[in-house]
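For the record, the sequence lines run as chains A and B.
Just so it is clear: in the first sequence, position 298 is 298 by the numbering used here, and no numbers are missing.
Just so it is clear: in the second sequence, position 81 is 637 by the numbering used here, and no numbers are missing.
Here's the structure we're looking at; comments come further down.
2 protein chains.
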Amino acid sequence: MSKTNRLIFLPLGGAGEIGMNMYLYGYGPAGKERYILVDVGVTFPTMDGTPGVDLIMPDTAYIEARLDRLEAIFITHAHEDHIGALGHLYGRLDVPIYTRKFTGAVARAKMEEHGQNSDRVEVIGKWPEQVELGPFKVGFMPVAHSIPEASGLVIDTPKGRIVHTGDFKLDPDPIVGEAYNPELYREIAKGGVQALVCDSTNVFSPIAGRSESGLGDNITKLMKDATGMVVATTFASNVARLKTLAQAGVDSGRSVVVLGRAMKKMLGYANFAGLIDSFPPVVDIEDARDIPRGSLMLLVTGSQGERRAASAQLANGKYLGLEMREGDTFLFSSKTIPGNEIGVGRIVNSYSEMGVKVVDDNSGDYHVSGHANRPDLEEIHGIFKPKMLIPMHGEHRHLRAHSELAEAKGIASIIAANGAMVDLGGDKPKIVENIQTGRLYLDGKRLIGAFDGVVLERMRLAMRGGVVVSLLLEDNQQIGESWAEVLGLPETESNQPSLQETLEREIDAELGKAKRGLLADDDQVEKAVLRTVSRVCKDLVGKKPVVKVLINRLVE
Amino acid sequence: MSKTNRLIFLPLGGAGEIGMNMYLYGYGPAGKERYILVDVGVTFPTMDGTPGVDLIMPDTAYIEARLDRLEAIFITHAHEDHIGALGHLYGRLDVPIYTRKFTGAVARAKMEEHGQNSDRVEVIGKWPEQVELGPFKVGFMPVAHSIPEASGLVIDTPKGRIVHTGDFKLDPDPIVGEAYNPELYREIAKGGVQALVCDSTNVFSPIAGRSESGLGDNITKLMKDATGMVVATTFASNVARLKTLAQAGVDSGRSVVVLGRAMKKMLGYANFAGLIDSFPPVVDIEDARDIPRGSLMLLVTGSQGERRAASAQLANGKYLGLEMREGDTFLFSSKTIPGNEIGVGRIVNSYSEMGVKVVDDNSGDYHVSGHANRPDLEEIHGIFKPKMLIPMHGEHRHLRAHSELAEAKGIASIIAANGAMVDLGGDKPKIVENIQTGRLYLDGKRLIGAFDGVVLERMRLAMRGGVVVSLLLEDNQQIGESWAEVLGLPETESNQPSLQETLEREIDAELGKAKRGLLADDDQVEKAVLRTVSRVCKDLVGKKPVVKVLINRLVE
Chain A
1 MSKTNRLIFL PLGGAGEIGM NMYLYGYGPA GKERYILVDV GVTFPTMDGT PGVDLIMPDT
61 AYIEARLDRL EAIFITHAHE DHIGALGHLY GRLDVPIYTR KFTGAVARAK MEEHGQNSDR
121 VEVIGKWPEQ VELGPFKVGF MPVAHSIPEA SGLVIDTPKG RIVHTGDFKL DPDPIVGEAY
181 NPELYREIAK GGVQALVCDS TNVFSPIAGR SESGLGDNIT KLMKDATGMV VATTFASNVA
241 RLKTLAQAGV DSGRSVVVLG RAMKKMLGYA NFAGLIDSFP PVVDIEDARD IPRGSLMLLV
301 TGSQGERRAA SAQLANGKYL GLEMREGDTF LFSSKTIPGN EIGVGRIVNS YSEMGVKVVD
361 DNSGDYHVSG HANRPDLEEI HGIFKPKMLI PMHGEHRHLR AHSELAEAKG IASIIAANGA
421 MVDLGGDKPK IVENIQTGRL YLDGKRLIGA FDGVVLERMR LAMRGGVVVS LLLEDNQQIG
481 ESWAEVLGLP ETESNQPSLQ ETLEREIDAE LGKAKRGLLA DDDQVEKAVL RTVSRVCKDL
541 VGKKPVVKVL INRLVE
Chain B
557 MSKTNRLIFL PLGGAGEIGM NMYLYGYGPA GKERYILVDV GVTFPTMDGT PGVDLIMPDT
617 AYIEARLDRL EAIFITHAHE DHIGALGHLY GRLDVPIYTR KFTGAVARAK MEEHGQNSDR
677 VEVIGKWPEQ VELGPFKVGF MPVAHSIPEA SGLVIDTPKG RIVHTGDFKL DPDPIVGEAY
737 NPELYREIAK GGVQALVCDS TNVFSPIAGR SESGLGDNIT KLMKDATGMV VATTFASNVA
797 RLKTLAQAGV DSGRSVVVLG RAMKKMLGYA NFAGLIDSFP PVVDIEDARD IPRGSLMLLV
857 TGSQGERRAA SAQLANGKYL GLEMREGDTF LFSSKTIPGN EIGVGRIVNS YSEMGVKVVD
917 DNSGDYHVSG HANRPDLEEI HGIFKPKMLI PMHGEHRHLR AHSELAEAKG IASIIAANGA
977 MVDLGGDKPK IVENIQTGRL YLDGKRLIGA FDGVVLERMR LAMRGGVVVS LLLEDNQQIG
1037 ESWAEVLGLP ETESNQPSLQ ETLEREIDAE LGKAKRGLLA DDDQVEKAVL RTVSRVCKDL
1097 VGKKPVVKVL INRLVE
């Protein structure tokens, strides 16, 4: 039987997209594999495709059907696209969760928030510590990234060692967390690496990445040169950057105030994990009001233009009694994630109207990426010398470019988008099955399937508006007049009867001339009303609304 | 009375935003000015803020109220953000329209499309030709841009000469249309320029712009090196680029096919205006099928990821019998306009899945901008040496940066966003009034105000879903059961009664225990139903829908 054992990799999210990472590894005879799951991430909805949705996460149906064979969940780091679905999906995936300490603090909070048992989160140390689960021995390999204690995974299996990088960059001095350690990686690679499953985010960035530590001087100079108040934003979980920004504030003679709950939470977790014993002193918001604005620096949330974050609130006026004025400086120590350009632009323009100087990352002086660039990826390929490379964490174009990069160096590779089950056990990766994958939407309190039609109906309403018609019938005759309620449709010209009046008149006329037999049949009544509403709306306002017909029949 | 004459500039669109350009110039005693209107543009809706809307344009209420004093409309060039609202708004603005020949062809087509009299479009020649209208003498000053015959305006008034640049760049060899001609501009500037009203789009681009003519060699090389079929896209109205792309196709030994109606139309107008007598030969789509794909080049619409354009259709499968295959090349000879990143990314990823090589403008080898960069703006300031500079065509941050650029060189300047009326007659620009401006939405056939609430209601429906409740009352008692129609809301858990059932039961219970007095009052019935629906939806699905209540009363 062991002859037929296979070692498989199956992305359920995060391959063919940037977001909602979820990867399954399996070992055993086909159909009897034991599994471990890596990361349980979310992706964020947009008005464009998912209006009203709160969060998007991978559909876990495939795992749920095989839950008795799932050994554990491993979380590589605490970014939302890797951990954000934990509380929402844990009810369906009740197995032990392994993390490092900082990630564990975030994971526990998420579990508690959703009424899950936070004791299921088990914190383990970094490599060479390993946890043995069925056919797997798994350890956390420290990597540098834009959040503390980010880790890759070393997954030992009977068919060899897999290195799953997680999100990473090569940073010899990341300020917080472990530095790039090529010696450690060479040590891990020593016995041979069967497969390197590798971050692809920055494969299109042609120049080697820069260190987090290179920013402090630039930021300090900016803050020293600024005359008014300085407000800086970055990603709340980038604790190293928070430290750099706060230190620059202090070094430029400013009192530093941290605003925004997400940042405070992250600093709390970092403190708990013993990562920031040397964080610069900060002052309380209540003390800030007595400090001259030229001596003040605020560290705020909202680097992506989020409407409710501190950055946006300050752009609209006062926030907690503070306000921006002409001559102040606002620093985006962050990049704008594609899709957020308009939201960020809105804030920049508001500040421009106020006379606030806005500094962004265009110069490259105030932000570095958390992902390995193309030359860094090549360096990592060279260190691990894997038998095969599977690109992950990228849109299809990133996966393709990363795969081509590896193959150009003689490393076997394959593009495996969500649902492509790859056999990692041979000399080359091979797609052995294609699994139906999907997305779950958190919509209010409910998790719904992306194809349930709920969001589609909302999008139709947003594009076309709606008309609801209520009718009363008795003895197969219409009683009284119809009622047409119009939702989100433009009005008729002002010298014309209103759309509602016209709809009601035309529906009544249509039903008035109908035979009794038609009025006896709900389907036919509905069709006649739909036809009438469509015609009237097309004629008068040029739109084709969503129509619902409510037929009430009076029964003696 | 002439003592009190003033020269004013009033942006109604295009200042504080990029899009829907519309600028009013006036001369005369306050309240009795004679006007000319420059450009009648649109901006494009987004699912984010204007779902279902077809086009957005400036509200012309201010001009309509003063129509007897409007002399004429001038259109600087045929880009949609300068001409796109002409057909829609002309019914409200019936005055002569002046354009150059190519723009005139586009303007006439737009007028005819909307049943307007296309004879109102009067084509005039370029500078030094001038048309005299009341206190104004206006001429079209040729500029290079990304569309043929783009022009600035030289507006002579009793208070001096205004140069309104329109959209422009400095291109000594723009392939189609007039080259940058500093001698001509110096000639125009000779008698002094009172005000330069100037394009601000690229004020953040620090390096001088490059010429359209620098692209041909790069594009030809790319097409020669490509083995399969080559498909290239750019903005349909960029006739120079169409020519460069087609020429590169021919020079690389390919037969060129033009697909996409917008491109064909633009080539037709250019032909009519006598601008492209030397356009490379193209073949018909029906002949293309017999040509080996390695010898074929398609020129297609859809550089911004538009879902219905040829680029997107080819990304989804066949288009007019043609399809992309592994090894083919797709060239974006265009930049992605902010906000369109996700749509363009969708196409790039689809091509990646097919194995099509995608080349974009990241290298700068295959696209140049149509707008003047910062050093080019400084060059133009230096040539015209205006008494004052008014930045236009930019978001607030662009206007601010452009204004600061001018002031640093000693040119008086002011930031005038939409609605700010500027007196241009003195030594410095001065805001003398603030006018209420707004936007009109083309929604189906109707032009509605942005604040009419129609689109807001649709956005609410998209975010929250809806519930419509129909009730029947007789003699102040409920007859039968209520009917709750649910729109775009998630369902309850599968082992629970449906949301609709629960809503109906709870509404009936609520009304069942109500006093007769309450049931006699429609407002109170509605309030009771709203309260019940909100509570049930919040409890069961965690959303707060838009609710409509239809109360039918039976009257004997």
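By construction, the Cβ of each residue, glycine as well, lies at the ideal position given by its N, Cα and C atoms.
Own chain partners of residue i with C-beta closer than 6 Å, once the 5 adjacent residues on each side are dropped
i                      : result
residue 84 (chain A)   : 41 and 42
residue 1010 (chain B) : 1004
residue 185 (chain A)  : 383
residue 2 (chain A)    : Bear in mind that the predicted position of residue 2 (chain A) carries a pLDDT of just 49, short of 50, making it unreliable; the figure below should be weighed with that in mind. Answer for residue 2 (chain A): no residue qualifies.
residue 712 (chain B)  : 693
residue 794 (chain B)  : 702
residue 1082 (chain B) : 1105
Contacts around residue i, its chain only, beta-carbon distance under 8 Å, and the 5 residues preceding and following it disregarded
i                      : result
residue 1056 (chain B) : 1040, 1041 and 1042
residue 891 (chain B)  : 917, 923 and 925
residue 562 (chain A)  : Outside the displayed span of chain A (1 to 556) sits residue 562 (chain A), for which this structure offers no information.
residue 946 (chain B)  : 565, 751, 752, 753, 754, 969, 970, 972, 978, 980 and 985
residue 867 (chain B)  : 787, 789, 856, 857, 858, 859, 861, 886 and 903
residue 250 (chain A)  : 256, 280 and 281
residue 540 (chain A)  : 492, 496, 499 and 502
Check whether residue i and residue j have beta carbons under 8 Å apart
i                     : j                      : result
residue 57 (chain A)  : residue 456 (chain A)  : no
residue 150 (chain A) : residue 376 (chain A)  : no
residue 804 (chain B) : residue 776 (chain B)  : yes
residue 158 (chain A) : residue 135 (chain A)  : yes
residue 276 (chain A) : residue 176 (chain A)  : yes
residue 607 (chain B) : residue 1015 (chain B) : yes
residue 245 (chain A) : residue 363 (chain A)  : no
residue 503 (chain A) : residue 465 (chain A)  : no
residue 722 (chain B) : residue 633 (chain B)  : yes
residue 602 (chain B) : residue 784 (chain B)  : no
Neighbouring residues, chain A, relative to residue i (Cβ below 8 Å)
i                      : result
residue 1108 (chain B) : 470, 472, 480, 483 and 552
First and last residue of the uninterrupted alpha helix (DSSP H) at residue i
i                      : result
residue 862 (chain B)  : First-last for residue 862 (chain B): undefined, no H or E at that position.
residue 670 (chain B)  : From DSSP, residue 670 (chain B) is part of no alpha helix (DSSP H); its letter is neither H nor E.
residue 381 (chain A)  : 374 to 384
residue 842 (chain B)  : 841 to 844
residue 770 (chain B)  : It is not in any alpha helix (DSSP H) - residue 770 (chain B) carries neither H nor E in the DSSP assignment.
residue 974 (chain B)  : Here residue 974 (chain B) belongs to no alpha helix (DSSP H), and DSSP marks it neither H nor E.
residue 1092 (chain B) : 1078 to 1097
Neighbouring residues, chain A, relative to residue i (Cβ below 9 Å)
i                     : result
residue 999 (chain B) : 465, 489, 490, 541, 542 and 543
Residues that residue i contacts on chain B, provided the C-beta gap is smaller than 7 Å
i                     : result
residue 348 (chain A) : 953
CA nearest to the CA of residue i, picked from the options
i                     : options                        : result
residue 552 (chain A) : A:244, A:530 and A:475         : A:475
residue 473 (chain A) : A:511, A:458, A:448 and A:268  : A:511
residue 213 (chain A) : A:93, A:145 and A:494          : A:145
residue 716 (chain B) : B:657, B:853, B:749 and B:564  : B:749
residue 829 (chain B) : B:662, B:864, B:1070 and B:766 : B:662
residue 578 (chain B) : B:673, B:1037 and B:976        : B:976
residue 582 (chain B) : B:590, B:878 and B:884         : B:590
residue 728 (chain B) : B:767, B:880, B:720 and B:616  : B:767
residue 18 (chain A)  : A:90, A:121 and A:394          : A:394
residue 507 (chain A) : A:535, A:410 and A:523         : A:535
Interface partners of residue i on chain B, CB under 8 Å
i                     : result
residue 462 (chain A) : 603, 607, 608, 1014, 1015, 1017 and 1018
residue 358 (chain A) : 953
residue 338 (chain A) : 897, 898 and 901
Segment limits, beta strand (DSSP E) that includes residue i
i                      : result
residue 1026 (chain B) : 1022 to 1030
residue 195 (chain A)  : 193 to 199
Contacting residues, own chain, Cβ-Cβ under 7 Å from residue i (five flanking each side not counted)
i                     : result
residue 928 (chain B) : 724, 725, 726, 755, 758, 765 and 936
Residue i: contacting residues in chain B (beta-carbon distance under 9 Å)
i                     : result
residue 122 (chain A) : The contacting residues do not exist; residue 122 (chain A) stays about 30 Å from chain B at best.
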